[in-house]
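What follows is one structure encoded as structure tokens, with my remarks underneath.
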Amino acid sequence: MNFKEEEIDDTDGNDDLYEHYRFTADKGQGALRVDKYLMNLIEKATRNKIQKAATAGNIHVNGVAVKSNYKVKGYDVVTVLFEHPPYEFLLVPENIPIDIVYEDDAVLIVNKQPGMVVHPGHGNYSGTLINALTYHFENLPNNSSNRPGLVHRIDKDTSGLLVVAKTEEAMTHLAKQFFDKSTEREYVAIVWGNVEDEEGTIEGNIGRHPKNRLQNTVYENDEEEKGKPAVTHYKVLERLGYVTLVSCRLETGRTHQIRVHMKYIGHTLFNDERYGGEKILKGTTFSKYKQFVDNCFKVLPRQALHARTLGFVHPVTNEFMRFESPIPEDMEACIEKWRNYSQHVVE
């Protein structure tokens, strides 16, 4: 969400404040001024805006308003509050088609198309999956972030399966499964390079990148407490010359987990602009090859990631259910281009 000037100017002393941001400092957080701390976490926030918010009493630590020079410590809970509700809570139902794979009285399985944002946020206050859900379904239960029906999410440009809760009981039951890591989640990805091992496990704590607030990164050794534990299991499905088709199974569900973990082992997702995969990372210097890759980017104008398999215990019947979504056309077309190209590559 954009840290807007009009938010900073809410200073008339109204006691009815709404929480816009909440961050819990990691255990290993070193003493850091709260204005600098928030600058690293809130997109497009400037130090001047944050300092104005602190002066207005809008920045709290552990429930108490603080000045901008307050030093954040491990486990501190930092909140930013304003008089108006967050824009993403001002939901407008929209008649947007949804690809429903399965539905009963308790749950809904949606096959999300690439390009659709899951929930409203900075720059995307309409056209999201939640805008569509609130139009097609009444009285969806709110999750802990007040987002109707949402149990988990996938990135805007990632396609594939999501489960939506239709009742409070289903929300509680499904949320516990995700927390307990008992769900089955498998993704298919195209990554740069020839992945050496047929299969493997990536373990590395994931946290916000210290310099690029739009990215996450892996923290190791003495810095691992800056991130949260994350585990990804991968398996090679097909080798396609300078890229590899892989299956990734999530044991945890951190933001951008597959994108971060695959980059960490040297295999950035194909055409993942946020993490550098929109550049040619493997291959030859021939101009024909560059043209071929550019054509692949045009065929698949997003990161090559698809949530193919989703499994969970049904919250009412206690039956284990598994759903699969076929690889979408744009990704399949890119795979086919690489398949044809790789047959003519001289290693």
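Numbering (UniProt numbering), first residue to last: 1 to 347. Backbone N, C-alpha and C fix where the C-beta goes; we use that ideal spot for every residue, glycine too. Here the structure is a predicted model, which means the values were calculated and not measured.
Q: Please list, in chain order, all residues of the same chain as Glu19 whose beta carbon is under 7 angstroms from its beta carbon, the five residues on each side excluded.
A: Thr79, Leu81
(Q) Check for me: the beta strand (DSSP E) holding Pro247 runs from which residue to which? (A) The question names Pro, but residue 247 in the sequence shown is Ser. Residues 243-250.
**Q.** DSSP-derived helix/strand/coil call for Leu91
**A.** coil
Q. Nearest to His233 by CA position, among Pro210, Val293, Gly204, is which residue?
A. Gly204
Q. Just the Cα atoms here: how many angstroms apart are Tyr264 and Thr217?
A. Taking the straight line joining both Cα atoms gives about 8 angstroms.
(Q) Taking the alpha carbon of Arg185 as the reference point, which residue from Thr128, Tyr135, Ser247 has its own alpha carbon closest? (A) Ser247
Q: Just confirm the distance between the C-beta atoms of Gly311 and Thr172, as a whole number of angstroms; I'd bet it's less than 8 angstroms.
A: With 8 angstroms as the limit, Gly311 and Thr172 do not qualify as a contact, their Cβ atoms being about 19 angstroms apart.
Q: Could you spell out the range, first to last residue, of the beta strand (DSSP E) harbouring Val78?
A: From DSSP, the beta strand (DSSP E) with Val78 extends over 77-82.
Q.
Tell me the rounded alpha-carbon separation between Phe23 and Phe292.
A. Each residue's alpha carbon lies about 44 angstroms from the other.
Q: Report the option in Lys73, Ala65, Lys67 whose CA atom is closest to the CA atom of Leu32.
A: Nearest C-alpha to Leu32: Lys73.
(Q) Mapping the DSSP letters down to three states, classify Leu133 as helix, strand or coil. (A) helix
Q) Between Glu238 and the rest of its own chain, which residues show a CB-CB distance below 8 angstroms, the 5 nearest in sequence each way excluded? A) Thr244, Leu245, Ile335, Arg339
(Q) Threshold first: 3 residues or longer. Then list the beta strand (DSSP E) segments lying entirely within the stretch 119-197, N to C. (A) 159-165, 184-192
Q. What is the DSSP secondary structure of Met116, counted as helix, strand or coil?
A. coil
Q: Hey, could you find the ends of the alpha helix (DSSP H) Glu225 is sitting in?
A: Neither: Glu225 is in no alpha helix (DSSP H) and is coded neither H nor E.
(Q) Is it buried or exposed, Gly13, if we count other Cβ atoms within 10 angstroms and call 16 or more buried? (A) Annotation note: pLDDT 30 at Gly13 (below 50); position unreliable, no value reported.
Q) Between Gln29 and Lys226, what straight-line distance do the alpha-carbon atoms span, to the nearest angstrom? A) 7 angstroms
Q) CB Val151 to CB His314, shorter than 8 angstroms? A) no
Q: Return helix, strand or coil for Arg213, following the three-state DSSP convention.
A: coil
Q: May I ask which residues mark the beginning and end of the beta strand (DSSP E) holding Arg101?
A: Per the sequence presented here, residue 101 reads as Val, with Arg not at that position. 100-103 is the span of the beta strand (DSSP E), which, as asked, contains Val101.
(Q) If contacts are defined as beta-carbon pairs under 8 angstroms, then Lys112 and Leu162 qualify, I think. What distance do you get, rounded to the angstrom? (A) 6 angstroms
Q) Quick check: the stretch 89-102 against the stretch 129-138, are there 3 or more CB pairs under 8 angstroms? A) Flag = yes, the stretch 89-102 and the stretch 129-138 touch.
Q.
What does the alpha-carbon distance come out to for the pair Asp119 and Asn58?
A. Correcting the residue type first, residue 119 is His in the shown sequence and not Asp. Between the C-alpha atoms of His119 and Asn58 there is a straight-line separation of about 25 angstroms.
Q) Where do the ends of the alpha helix (DSSP H) carrying Phe297 lie? A) First-last of the alpha helix (DSSP H) with Phe297: 287-299.
Q: Note down the Cα distance separating Lys288 from Gly149, rounded to an integer number of angstroms.
A: Near 48 angstroms, if we compare the C-alpha coordinates of Gly149 and Lys288.
(Q) Beta-carbon within less than 7 angstroms of His209's beta-carbon, same chain only, minus the 5 sequence neighbours each way: which residues are those? (A) Gln215, Asn216, Thr217
Q.
Rounding to the nearest angstrom, what Cα-Cα distance links Val164 and Val110 in this structure?
A. 7 angstroms
Q. Going by C-alpha distance, which of Ser159, Phe137, Phe297 is nearest Asp104?
A. Closest option to Asp104, Cα to Cα, is Phe137.
Q.
Checking 8 angstroms against the spacing of the C-beta atoms, do Leu300 and Asp330 come in under that value?
A. yes
Q: Using the Cα positions of Asp10 and Tyr135, report the straight-line distance between them to the nearest angstrom.
A: Residue confidence for Asp10 is low, a pLDDT of 28 falling below 50, so the modelled location carries little weight; the figure read from the coordinates is stated next. Cα-Cα distance, rounded: 32 angstroms.
Q) Does the distance from the CB of Tyr219 to the CB of Gly283 come in under 8 angstroms? A) no
(Q) In the DSSP output, which residue or residues are listed as bridge partners for Asp312? (A) The amino acid occupying residue 312 in the given sequence is Phe; Asp does not appear at that position. The beta-bridge partner set that DSSP reports for Phe312 consists of Met321.
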